[in-house]
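Worksheet: one structure, shown below.
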Amino acid sequence: MDLMTILSTVVSTTLIYSAPLIFTSIGGSFSEHSGIVNVGLEGIMVIGAFSSIVFSLFMSKTFGWITPWIGLFVGGIIGTLFSLIHAVATINWRTDHIISGTVLNLMAPALGIYLTKLIFDGKGQTGFISQPLASSKIPFLSKIPIIGKIFFENTSIVAYIGILVSIFSWWLLKYTRFGLRLRSVGEHPEAADSVGISVYFYRYCGVLISGFLGGIGGAIMAESITLNFSGTTIAGQGFMSLAAMIFGKWNPIGAMGAAVFFGFAQSLAIIGKYIPIIAKIPNYWFTIAPYLITIIVLVAFVGKSQAPAADGSTFVKSK
Amino acid sequence: MRIKKVRLGGISVPLISIFLGLVVGAIIMLLSGFNPLINYLNLFSGALGTPNAIGEVFRSATPLILTALGFSIANSAGFFNVGLSGQALAGWLASVWFALAFPHLPGFILLPGSIIMGALAGAFWSGIAGFLRAYFGTSEVITTIMLNYISLYGTNAIVKGVLTSSDADSTPLVPIQARLRTPFLEKLTGNSTFHWGIVISFFMVFVIWWLMKKTTLGFEIRSVGMNEDAARYAGMSTKKTIISSMLLSGALAGLGGAMEGLGNFQNIFVNTSLPDIGFDGMSVSLLATGNPIGIIFSALLFGILKIGGLNISISSNTPSEIVNIVIASVIFFVGANYIIQYLISKMKISHKSAKLISNSTKGGHK
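Going down the list, the sequences are from chains A and B.
Residue numbers are given in our numbering: position 249 of the first sequence equals residue 249, and the series is strictly consecutive.
Every number in our numbering is 319 more than the matching position in the second sequence, counting from 1.
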C-alpha cells in the first residue's frame with residue numbers, strides 16, 4: 001500500500017472506532033460534572049445498541065437510507081429511559097453510585113438478550129441490518145487536495161459530528177447558565193442549594209444526558225461496526241469511554257481527544273499488519289494498549305484531585 | 320447534607336430484596352406472556368431435584384464464595400474492587416499453567432502448588448491497584464477496570480501463544496493429580512462437575528471470619544474502612560493496610576479462578592469476555608452485606624438461580640436470561656436499601672420514628 005492509502009485507512013478506521021467512545025465519554029462527563037459517578041455507561045451502550053438494531057431491522061423498509069440516523073436517535077431515547085434507573089437510585093434513593101451503575105451493567109445484557117430471544121423466536125442474536133451507518137465522503141471538504149483525500153473521503157461522518165458535539169458540550173459546561181449550574185451542583189451541592197439552584201434537577205439532567213449520549217454511542221457501535229446485536233456487541237467500550245473521560249480530565253474536548261486516541265489504538269490492531277514499521281509487533285499489544293496507557297496516564301498526570309469535588313456523594317436537601 | 324458511604328446491615332434487607340427481585344422477574348414474565356409460578360417451580364426443581372443438579376449448584380457456588388469474600392475484604396477497607404474478574408482470570412491462568420508445566424510432580428505437591436499459584440497471581444494483579452491507590456491516590460475503581468481488560472487480552476494471548484502449540488483456542492486438561500474433580504464425587508452426584516473446591520471455599524469463609532474479627536490486621540482493615548484519617552491518627556499504617564486488604568482480596572479472587580481452572584473446566588481457553596464469577600461474586604457479597612456466613616447462603620442462592628435457570632428454558636420458551644434480570648433487580652434493591660427501610664418504618668412504626676430514620680445517614684440500621 002502506498003502512503004496515501006495507508007494514511008487515509010488509518011484515519012478512517014480510527015474515526016469509525018472512536019465515534020462510539022466520543023459520544024459515550026462526553027455523556028460520562030456530563031453525569032460526573034453533576035456529581036453522579038456513572039460506571040453504568042457500558043450497560044447504557046448495550047441498551048442503545050439493542051434498541052437501534054431492533055429499530056433498524058423492523059423499520060428499514062419504511063425509512064430507507066435515513067434509518068440509521070433515526071436509529072441513533074432511538075438508541076439515545078431508550079438509553080435516556082434506561083439511565084433513569086440510575087438517576088432515581090442515586091439521586092433520590094441514596095444508592096451507592098457504583099452499585100447502581102453495576103446494576104445497569106448487569107441488567108442491560110440480560111434484558112437485551114431476553115428481549116432478543118422473545119422477538120426473534122429464541123435466537124440469542126439478531127440478524128444483520130440492511131441499512132448500516134456506512135462511511136461516506138463529506139461534500140466540499142473532500143475536494144481539498146491531499147487533506148481532503150486523507151480526512152474527508154470515505155470517512156465516518158458521525159465521528160465528525162461527535163467532535164462538534166464535544167466542542168459544543170465544552171462551551172455548554174463552561175460558559176452557559178445551564179452548564180455553570182450543573183457544575184456547581186457537582187462541586188458543592190450545599191452552596192448551590194443555598195442560592196436556590198435545584199440540586200436534584202441538575203443531577204437528573206446530568207445523568208439523563210449521559211444516558212442519551214451513551215445510548216447514541218452504543219447505537220453507533222452496533223450500526224457501524226458489529227451490524228447486529230448479541231451478547232458481545234458491546235465488549236468493554238463503555239468502560240473504555242469512562243477511561244477516556246478520566247484521561248481527558250472530565251473535559252468534553254479532552255474526553256473526545258482521548259476517545260480518538262483509543263480509536264487509533266484499536267484501529268492499529270486491525271490494520272497494523274499492513275504498516276511496515278509496526279507489522280512485527282504482536283497484535284495483542286494493540287488490544288491491551290488503551291487500558292495500559294490509561295493506567296499510566298492516570299498515575300503520571302491526573303492524580304486524584306481532578307474529579308468534581310462532590311462526585312460520588314448523595315445530596316440530601318435539609319428540611 | 321452529603322452522604323459518601325452507605326452502610327449495609329441486617330438480614331431483613333437481603334430477604335426483602337430477594338423477594339422484590341423475584342417479583343420484578345415475575346412481572347416481566349407476565350408481560351411477555353409466560354407463567355411465572357410454573358417457571359419459578361421449574362427453577363427450584365431444576366436446581367434441587369436431582370443429586371446431579373445439587374452437585375452443579377454447589378460447584379457454581381464454590382468460586383462465588385471466594386470472589387465474594389474477596390470483594391467483602393476490600394469493601395471493609397473502603398475499596399471497591401471491581402477487578403475481581405480480572406484477578407480471577409489471572410488466578411485461573413496461573414493455576415493451570417503451573418499444573419501443565421510440572422506434570423510429573425506428585426499430587427500432594429502439584430495440587431496445593433497450583434492452588435497457591437492461583438492465589439498469588441490474583442494477589443499480584445490486585446496488588447498493582449492497591450499499590451497505585453496507596454502511593455499515588457489513583458482511583459482503584461478505574462485501575463481495576465483497566466486491569467480487567469489487560470488480564471482478559473493478556474491471558475488470551477498467553478493461551479494462544481505460550482500454552483498451546485499451533486495457535487489452538489484451549490489447553491489440554493491438567494494432569495489427573497492436579498484435578499479437584501474425582502471419580503468418587505462424580506459417582507456421588509450423578510456425574511456432575513462437583514469438586515473438592517467447596518471444602519476450600521468453606522475453609523476460607525472460616526479463615527476470613529477469624530481474620531476480620533479476631534486479628535489486628537482485620538481490625539486495622541475495618542478501621543481504615545470506617546475512617547482513614549482516624550486510623551492514621553491512631554498510629555496505623557494506612558498504606559500498609561490498603562495494600563494488604565487489596566492483596567487479600569485479589570488472592571481470594573485468584574483462588575476462585577483456580578477453582579474454575581482445576582475443578583470446573585480443568586483447563587483454560589480463549590475467553591471472549593471476562594468470566595462471570597467476578598461480577599457475580601460482587602453481587603453475592605452485596606446481597607450478603609459482606610457477612611462471611613451470609614456469603615455461603617447468598618452464593619448458594621446464586622447457584623440455585625443459575626443452574627435452575629437452565630431448566631426454565633428447557634421446560635418452557637422462557638429465555639434463561641430472566642434469571643440474570645432477577646439477579647440484577649435483587650442487587651438494585653439491596654443498593655436501594657435506604658428506601659426499603661424507609662418504607663418499612665413508614666408502614667409499621669409511628670410517624671416520629673420514621674422521621675428519625677429518614678434523617679439518619681446510616682439508613683437507620685445498627
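All residues carry an ideal CB built from backbone N, CA and C; glycine is no exception.
Here the structure is a predicted model, which means the values were calculated and not measured.
Item                                                                                                                                                                          : Value
What residues match up with S136/A in a beta bridge as DSSP calls it?                                                                                                         : T155/A
Any idea which residues DSSP pairs S489/B with across the strands?                                                                                                            : F588/B
Pick out the complete alpha helix (DSSP H) segments inside the stretch 228 to 290 of chain A, 4 residues or longer, and give them in chain order.                             : 237 to 247, 252 to 271
Could you check what DSSP says for D548/B in three-state terms: helix, strand or coil?                                                                                        : helix
Could you list which residues in chain B have their beta carbon closer than 9 angstroms to that of F261/A, in chain order?                                                    : Here the premise fails: no neighbours, minimum Cβ distance about 15 angstroms.
Just tell me which of V645/B, A407/B, N630/B has its CA closest to the CA of L567/B.                                                                                          : A407/B
Threshold first: 4 residues or longer. Then list the alpha helix (DSSP H) segments lying entirely within the stretch 573 to 629 of chain B, N to C.                           : 596 to 606
Hey, is P638/B's beta-carbon within less than 8 angstroms of any beta-carbon in chain A?                                                                                      : yes
Hey, would you say L606/B sits closer than 8 angstroms to V642/B, going by beta carbons?                                                                                      : no
Please classify Q306/A as buried or exposed, where buried requires at least 16 neighbouring CB atoms within 10 angstroms.                                                     : exposed
Would you say M666/B faces chain A, with C-beta separation under 8 angstroms as the test?                                                                                     : no
Leaving out the 5 sequence neighbours to the left and right, which residues in its chain are closer than 8 angstroms to E579/B when beta-carbon positions are compared?       : P382, A407, W411, P594, I596
Could you work out which residues of chain A lie near T463/B, taking near to mean beta carbons separated by less than 8 angstroms?                                            : Near T463/B there are no residues of chain A at all, since even the closest Cβ is about 10 angstroms away, more than 8 angstroms.
Which first and last residues belong to the alpha helix (DSSP H) in which V342/B is found?                                                                                    : 331 to 350
Can you check whether the C-beta of L605/B is within less than 8 angstroms of a C-beta belonging to chain A?                                                                  : yes
Looking at chain B, is there any beta carbon in it that lies within less than 8 angstroms of the beta carbon of K117/A?                                                       : yes
Given 8 angstroms as the limit, is there contact between the stretch 74 to 83 of chain A and the stretch 211 to 221 of chain A, that is, 3 or more CB pairs closer than that? : yes
DSSP on Q687/B, reduced to helix/strand/coil?                                                                                                                                 : As displayed, chain B neither begins before 320 nor continues past 685, which places residue 687/B out of reach and without an answer.
Put G127/A into one of helix, strand or coil per three-state DSSP.                                                                                                            : coil
What residue range does the alpha helix (DSSP H) around I98/A cover?                                                                                                          : 97 to 119
Considering Cα atoms alone, identify which of G35/A, N105/A, L57/A is closest to E223/A.                                                                                      : L57/A
Starting from E505/B and walking both ways along the alpha helix (DSSP H), at which residues does that stretch end?                                                           : 502 to 507
In the DSSP assignment, the alpha helix (DSSP H) including I77/A goes from what residue to what residue?                                                                      : 67 to 87
Residues of chain A with CB under 8 angstroms from N598/B, in chain order?                                                                                                    : The question names Asn, but residue 598/B in the sequence shown is Phe. Correct list: T102, N105, L106.
Using a Cβ-Cβ distance cut-off of 8 angstroms, determine whether F399/B contacts chain A.                                                                                     : yes
So, is the C-beta of A647/B closer than 8 angstroms to a C-beta in chain A?                                                                                                   : yes
List, in chain order, every chain B residue whose beta-carbon is nearer than 8 angstroms to that of I98/A.                                                                    : F399, V401, V460
Mind checking which residues open and close the alpha helix (DSSP H) that includes V199/A?                                                                                    : 199 to 221
For the candidate residues N590/B, H423/B, T462/B, whose alpha-carbon lies nearest to that of I296/A?                                                                         : T462/B
Roughly how many angstroms separate the alpha carbons of T198/A and S34/A, rounded to a whole number?                                                                         : Strictly speaking, residue 198/A in this sequence is Ser, with Thr absent from that position. Between S198/A and S34/A, the C-alpha separation is close to 11 angstroms.
Is A243/A near T294/A, with beta carbons less than 8 angstroms apart?                                                                                                         : yes
Would you tell me roughly how many angstroms separate the C-alpha atoms of I22/A and L164/A, rounded to the nearest one?                                                      : 10 angstroms
With distances taken between CB atoms, is the gap from S267/A to T14/A smaller than 8 angstroms?                                                                              : yes
Looking at chain A, is there any beta carbon in it that lies within less than 8 angstroms of the beta carbon of G683/B?                                                       : Because G683/B sits at a pLDDT of 37, beneath the cut-off of 50, its placement in the model cannot be relied upon, and the following sentence gives the value as read from the coordinates. Chain A contact via Cβ: absent.
List in chain order: all unbroken alpha helix (DSSP H) runs of 4+ residues lying wholly within the stretch 143 to 189 of chain A.                                             : 157 to 175, 177 to 187
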